[in-house]
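**Q** Here it is: the structure, laid out below.
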Amino acid sequence: MDTLLLLASGLTLLLSGAHSILGEQLVFTRLRKDGVWSEASLNLLERRRWWSVRATWHLVSIMGVGFAALLFSEAFGGIGVERTIGLMFVVATVYWAVATRFGHPAWIVMAVIAALLLVPN
């Protein structure tokens with residue numbers, strides 16, 4: 001077991017969680033008042049675009065969790081970098097497709113990346 005990789009994994013996981021939680025509290029709740037998008041927010045971007053910004057914010061956290069999983073895996077000998085990153089892309093694909101209601105085609109590219117990394121050579 002590699003203690004430094006294990007510590008780095010834990011810190012990466014904490015950072016990812018803090019990114020999403022604090023983003024919701026400090027950024028996105030201020031853009032909405034009583035669950036409704038404020039006029040100032042809507043003047044900057046249309047509501048649909050705000051959902052994309054919010055989804056992108058959390059996608060960064062998902063990628064961070066993937067990196068934490070990679071570090072954790074490597075601390076114990078690993079299941080392989082490609083497999084770990086491929087699994088991260090599977091989760092990111094599902095999240096992005098649901099978060100954007102299949103409206104943003106990035107989920108297709110992420111699914112292809114996941115397949116390329118997970119299909120045996």
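In the working numbering, the protein residues as written are 1 to 121.
The beta-carbon is built from N, C-alpha and C at its ideal position, and this holds for glycine as well.
Please report the straight-line C-alpha distance between Gly109 and Trp50, rounded to a whole angstrom.
**A** The residue given as residue 109 occupies position 109 in the sequence shown. The residue given as residue 50 occupies position 50 in the sequence shown. At residue 109 the sequence reads Val, which differs from the Gly that was named. Using only the alpha carbons, I get a separation of about 22 Å.
**Q** Taking the beta carbon of Phe102 as the centre, do at least 16 other beta carbons fall within 10 Å, making it buried, or is it exposed?
**A** For this step, residue 102 is matched to residue 102 along the sequence shown. Counting Cβ neighbours within 10 Å, Phe102 comes out exposed, since fewer than 16 surround it.
**Q** Indicate whether His19 and Val60 have their beta-carbon atoms separated by less than 8 Å.
**A** Within the sequence shown, the letter at position 19 stands for residue 19. Within the sequence shown, the letter at position 60 stands for residue 60. A contact, by the Cβ cut-off of 8 Å.
**Q** Exposed or buried, which one is Val98 when buried takes at least 16 other CB atoms within 10 Å?
**A** Along the sequence shown, read from residue 1 onward, the residue named residue 98 stands at position 98. Looking at its Cβ environment, which holds fewer than 16 other Cβ atoms inside 10 Å, Val98 is exposed.
**Q** Hey, Ser9 and Phe89: beta-carbon distance below 8 Å or not?
**A** To locate residue 9, count along the sequence shown from 1; it is residue 9. To locate residue 89, count along the sequence shown from 1; it is residue 89. No, they are not a contact pair.
**Q** Quick check on this structure: which residue in Glu39, Met63, Thr3 has the alpha carbon closest to the alpha carbon of Val94?
**A** The sequence position of residue 94 within the sequence shown is 94, counting from 1. The shortest C-alpha separation from Val94 is found at Met63.
**Q** Determine the direct distance from the alpha carbon of Leu70 to that of His58, and round the result to whole angstroms.
**A** Stepping through the sequence shown from its first residue, residue 58 is reached at position 58. Stepping through the sequence shown from its first residue, residue 70 is reached at position 70. Rounded to the nearest angstrom, the two C-alpha atoms are 18 Å apart.
**Q** Please confirm whether Leu13 and Val81 have their CB atoms less than 8 Å apart.
**A** Here residue 13 refers to the residue found at position 13 when the sequence shown is read from its first residue. Here residue 81 refers to the residue found at position 81 when the sequence shown is read from its first residue. No; because the gap between Cβ atoms is not below 8 Å, this pair is not in contact.
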